[in-house]
Amino acid sequence: MPLALLAGLVGFPACQHQATRPVTNQVVVLGFDGMSPVLAAKWMEEGKLPNFEHLAQTGTFMKLGTTNPPESPVAWASFATGLGPGGTGIYDFLARNPKTYLPRIALVAKRKPKFLFGLIPIRPPKVTNERHGIPFYEAVADAGYKTTVLRMPLEFPPSPVPGGKLLAGLGVPDVRGTWGTFFYFASDLAPEQAGNTEFGGKLVRLNLDGADATAEISGPVDPTTNTYRRISVPVSFQVTPDKKAVTIRLDGQTETVAARHWSKWFEEKFPVNFFLSVHAISRFYVLESSPALRVYMCPLNIDPKDPALPVSYPANWSKQLADKWGDFKTLGWWHDTWGLNEGRISDGVFLQDTFRTMNTLTKILLNQLQDHPPSLMVAVYTSTDSVSHMFWRLMDPQSPTYNPVEAKKYGDAILETYEQCDKVVGEVEKRMKPGGTLIIVSDHGFHAFNKGFNTNTWLVKNGYMVLKNPNAEEKKYTLDNLFSQGSFFPNVDWSQTKAYALGLGQIYLNIYGRERYGIVEPGAQAHQLEEEIRSKLLAYRDPQTHQPVLEGVYLGHQIDHGAYAKEAPDLQLDFYPGYRTSWETSLGAIPPGIVVTNTRKWSGDHCASDPKDTQAILFINRKLDSSDPRIIDVAPTVLKMFNVSPPDQLDGKPWALAPSTPVQAER
Ligand SMILES: [Zn+2]
Numbered sequence: 008m009p010l011a012l013l014a015g016l017v018g019f020p021a022c023q024h025q026a027t028r029p030v031t032n033q034v035v036v037l038g039f040d041g042m043s044p045v046l047a048a049k050w051m052e053e054g055k056l057p058n059f060e061h062l063a064q065t066g067t068f069m070k071l072g073t074t075n076p077p078e079s080p081v082a083w084a085s086f087a088t089g090l091g092p093g094g095t096g097i098y099d100f101l102a103r104n105p106k107t108y109l110p111r112i113a114l115v116a117k118r119k120p121k122f123l124f125g126l127i128p129i130r131p132p133k134v135t136n137e138r139h140g141i142p143f144y145e146a147v148a149d150a151g152y153k154t155t156v157l158r159m160p161l162e163f164p165p166s167p168v169p170g171g172k173l174l175a176g177l178g179v180p181d182v183r184g185t186w187g188t189f190f191y192f193a194s195d196l197a198p199e200q201a202g203n204t205e206f207g208g209k210l211v212r213l214n215l216d217g218a219d220a221t222a223e224i225s226g227p228v229d230p231t232t233n234t235y236r237r238i239s240v241p242v243s244f245q246v247t248p249d250k251k252a253v254t255i256r257l258d259g260q261t262e263t264v265a266a267r268h269w270s271k272w273f274e275e276k277f278p279v280n281f282f283l284s285v286h287a288i289s290r291f292y293v294l295e296s297s298p299a300l301r302v303y304m305c306p307l308n309i310d311p312k313d314p315a316l317p318v319s320y321p322a323n324w325s326k327q328l329a330d331k332w333g334d335f336k337t338l339g340w341w342h343d344t345w346g347l348n349e350g351r352i353s354d355g356v357f358l359q360d361t362f363r364t365m366n367t368l369t370k371i372l373l374n375q376l377q378d379h380p381p382s383l384m385v386a387v388y389t390s391t392d393s394v395s396h397m398f399w400r401l402m403d404p405q406s407p408t409y410n411p412v413e414a415k416k417y418g419d420a421i422l423e424t425y426e427q428c429d430k431v432v433g434e435v436e437k438r439m440k441p442g443g444t445l446i447i448v449s450d451h452g453f454h455a456f457n458k459g460f461n462t463n464t465w466l467v468k469n470g471y472m473v474l475k476n477p478n479a480e481e482k483k484y485t486l487d488n489l490f491s492q493g494s495f496f497p498n499v500d501w502s503q504t505k506a507y508a509l510g511l512g513q514i515y516l517n518i519y520g521r522e523r524y525g526i527v528e529p530g531a532q533a534h535q536l537e538e539e540i541r542s543k544l545l546a547y548r549d550p551q552t553h554q555p556v557l558e559g560v561y562l563g564h565q566i567d568h569g570a571y572a573k574e575a576p577d578l579q580l581d582f583y584p585g586y587r588t589s590w591e592t593s594l595g596a597i598p599p600g601i602v603v604t605n606t607r608k609w610s611g612d613h614c615a616s617d618p619k620d621t622q623a624i625l626f627i628n629r630k631l632d633s634s635d636p637r638i639i640d641v642a643p644t645v646l647k648m649f650n651v652s653p654p655d656q657l658d659g660k661p662w663a664l665a666p667s668t669p670v671q672a673e674r
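Those letters in the sequence shown? Residues 8 to 674, by this note's numbering.
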């Protein structure tokens, strides 16, 4: 029995009603994650983005207010629902459990399946979307309008869009349950290097036997046991006699791949037991065939043809798409930033894969608009975000990882991505219904990330966090620690600790009655402590430059309201451009220094910035009468266009838009 069958039982009601209304007033909403109004304006000025420029001239181009923090999950949740973080319950990629001080992915809640005798499934696995509120596209579909949604963040499991279609984006894990674990197989890997990398990679040493090597691909956790045993499948590599290629063999599939080339998609079947297997797809890139054998493998994507848990609505739509267009990545974190950040693939390999992946979405999007035109289309691209994170360094000589040689080759990577988006806009306009409305948004802007701030170290040095053994050597932290069930702060003495940092810019107080070993009295004592930490952080200066590091420190209970406001961090840190929470802090480490240089290729960021420095973009093919549009206004605006009443009391307000300017068919 395929696991998808099980998942089919989980909770997708049959379509209650079909979309019946004719497609008259078409609305297309395009999202370009992380597109910056500063860069867009600059490149429009230089004539490099003609389709965006045309929209700016004839319709609207403005800065769009984002959420605090200006992080993708937070901002896209507010985009979809018209609610602030207190209404959606999404404050960061991570949330914490006050009873264990352990972080968990904030976007989904999981329940494991149950098996009788470890064999017969008696309770299917269940994943619940933790994004609260009702997305506007669901409400529009419910009202009978044909709706298509592509690569929408925080749609795992997918929301029902009756009569329509939805493909989930950011938030869909790989089959290992992570945001994308890449694999790196190499014959020249030192034994001590093998294992988990700091951020989301698995390094596997190959023992070459002549021209042959075999390895295990470690897949999902075995759901029939209560251990964290992972199920593996074997893969073999054979260097060809001319040493210029590698033959890859996996479960009856074979391909000979030349060095410096990508393979086709391979299919992995991870056997759970006699009845069940978890299906994945992955692609290999042969980095080197000789003298060393080095092969990169992209994360184990949930197989769109037989997903263990649905990645689309209806559940079989991902299969239909794969049948028509071939296999495609289903992983939410779509681009291979981790492999590049860990130096296991090159800039060129990353970009090649990114543009190809982006093109998959464009093909589906244009085909849907042309052959199955919906009343409402929503599609979200994330290449703008991934490329900006990874290539900011080559656009900015101030970046600690600026390299003039690499800059000559890839300094225009972000511009090229924007140019690709510009082409998408032109092609979408050609396929839209006459008189339709085109709204283009990003979720936040971007700037440099040159220095990291070790928030927990700062808390220790200021006496708010106390270590059991201040001289203990730090353990090696990896992303794997985040998802395995270890102790996250092993050296913290909770009986004396008043505050701790977790995630990309959040501080929580160790509150009595809320946290397991809480010592801070809620109420007046807590508020006084918050104010004290806040003023000290705002006064903190970078020891090198004597400049302030934090632009804003906000009290969660002051900026957030709504049904889930109690989940808000006690303090939200908003850094000046150039700074961010350090890599180490995000992994729970407490290294010696407070301000540290960011030496990684991941050199642009926005996650813990002040929203006013990180505004998003807004383009509309109509004139907008507003001085202060915000991302939470998109949902009420689209609902109003379809005359659908908002499902809740929304935080956003609908915009006043002039009639649409005709879409130009020929340009
Ligand atoms: Zn980002």
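Ideal Cβ positions, reconstructed from N, Cα and C, are used throughout, including at glycine.
Note that the structure is a prediction, hence the values are computed from the model and not measured.
Name, in chain order, the residues that DSSP records as bridge partners for residue i.
{"i": "Met304", "result": "Phe190 and Phe291"}
{"i": "Thr135", "result": "Ala116"}
{"i": "Gly38", "result": "Val387 and Val448"}
{"i": "His454", "result": "Asp612"}
{"i": "His286", "result": "Lys276"}
{"i": "Glu522", "result": "Tyr519"}
{"i": "Gly208", "result": "Phe189"}
{"i": "Lys70", "result": "Ile624"}
{"i": "Tyr320", "result": "Leu173"}
{"i": "Trp269", "result": "Tyr292"}
{"i": "Asn203", "result": "Lys209"}
{"i": "Ser243", "result": "Thr221 and Arg256"}
{"i": "Tyr152", "result": "Answer is none; Tyr152 lacks a bridge partner."}
{"i": "Leu631", "result": "Leu664"}
{"i": "Glu262", "result": "Ile255"}
{"i": "Thr424", "result": "The partner list for Thr424 (beta bridge, DSSP) is empty, contrary to what the question assumes."}
{"i": "Thr364", "result": "Answer is none; Thr364 lacks a bridge partner."}
{"i": "Ile309", "result": "Ala287"}
{"i": "Gly470", "result": "According to DSSP, Gly470 bridges with nothing at all."}
{"i": "Arg400", "result": "Arg400 pairs with nothing; no bridge assigned."}
{"i": "Gly530", "result": "According to DSSP, Gly530 bridges with nothing at all."}
Assuming residue i contacts residue j (C-beta within less than 8 Å), just tell me the rounded distance between them.
{"i": "Leu177", "j": "Val156", "result": "With a Cβ gap of about 13 Å, Leu177 and Val156 do not count as contacting."}
{"i": "Leu300", "j": "Val253", "result": "7 Å"}
{"i": "Arg438", "j": "Leu373", "result": "6 Å"}
{"i": "Phe456", "j": "Asp612", "result": "4 Å"}
{"i": "Asp72", "j": "Asp635", "result": "Contrary to the premise, residue 72 reads as Gly rather than Asp in this sequence. Rounded, the Cβ-Cβ distance is 6 Å, consistent with contact."}
{"i": "Arg158", "j": "Val387", "result": "5 Å"}
{"i": "Pro165", "j": "Ala175", "result": "5 Å"}
{"i": "Phe496", "j": "Phe59", "result": "Not a contact, Cβ separation roughly 46 Å."}
{"i": "Pro584", "j": "His454", "result": "4 Å"}
Enumerate in chain order the residues of its own chain whose CB-to-CB distance from residue i is below 6 Å, with the five nearest sequence positions on each side excluded.
{"i": "Leu101", "result": "Pro110, Ala113 and Gly510"}
{"i": "Ala414", "result": "Leu401"}
{"i": "Ala87", "result": "Pro142"}
{"i": "His568", "result": "Gly93"}
{"i": "Arg523", "result": "Lys106"}
{"i": "Phe192", "result": "Val211, Leu213, Ala222 and Val302"}
{"i": "Tyr547", "result": "Val556"}
{"i": "Cys614", "result": "Glu78 and Leu511"}
Quick one: residues in its chain with C-beta nearer than 7 Å to the C-beta of residue i, no 5 flanking neighbours on either side, listed in chain order?
{"i": "Leu422", "result": "Trp50 and Lys55"}
{"i": "Val115", "result": "Val134, Thr135, Asn136, Glu137, Phe163 and Gly178"}
{"i": "Pro598", "result": "Asn461, Thr464, Glu481 and Glu591"}
{"i": "Tyr152", "result": "Ala26, Arg28, Ser382, Leu383 and Phe649"}
{"i": "Leu657", "result": "Gly89, Leu90, Ala642 and Pro643"}
{"i": "Ile238", "result": "Gly226, Pro227, Asp229, Phe277, Pro278 and Val279"}
{"i": "Val264", "result": "Ala252, Val253, Ile255, Ser270, Phe291 and Val293"}
{"i": "Ile638", "result": "Leu71, Gly72, Thr73, Thr74, Ala82, Ser85, Phe86, Val448, Asp450 and Ala623"}
Determine, for residue i, whether the minimum Cβ-Cβ distance to residues of chain C falls below 8 Å.
{"i": "Ile446", "result": "Absent from the structure is chain C; it holds one protein chain and no more."}
Looking only at its own chain, which residues have a Cβ that is under 8 Å from the Cβ of residue i, when we skip the five neighbours before and after it?
{"i": "Ile526", "result": "Trp501, Ser502, Gln503, Thr504, Lys505, Asn517 and Tyr519"}
{"i": "Gly338", "result": "Position check: residue 338 holds Leu in this sequence, whereas Gly was assumed. Excluding positions up to five away in sequence, the list reads Val179, Pro180, Asp181, Trp186, Gly187, Pro306, Asn308 and Ile309."}
{"i": "Phe582", "result": "Phe460, Gly512, Val556, Leu557, Glu558, Thr588, Ala615, Ser616 and Asp617"}
What runs of the beta strand (DSSP E), each 3 residues or longer, lie entirely inside the region 545-588? 557-562, 578-582 and 585-588
Beta strand (DSSP E) runs contained entirely in the region 78-116, provided each spans 3 or more residues: 101-104 and 109-112
Enumerated in chain order, which unbroken segments of the alpha helix (DSSP H) with a length of 4 residues or greater are wholly contained in the region 161-185? none
Can you give, in chain order, each stretch of the beta strand (DSSP E) that sits fully within the region 214-241 and has at least 3 residues? 219-228
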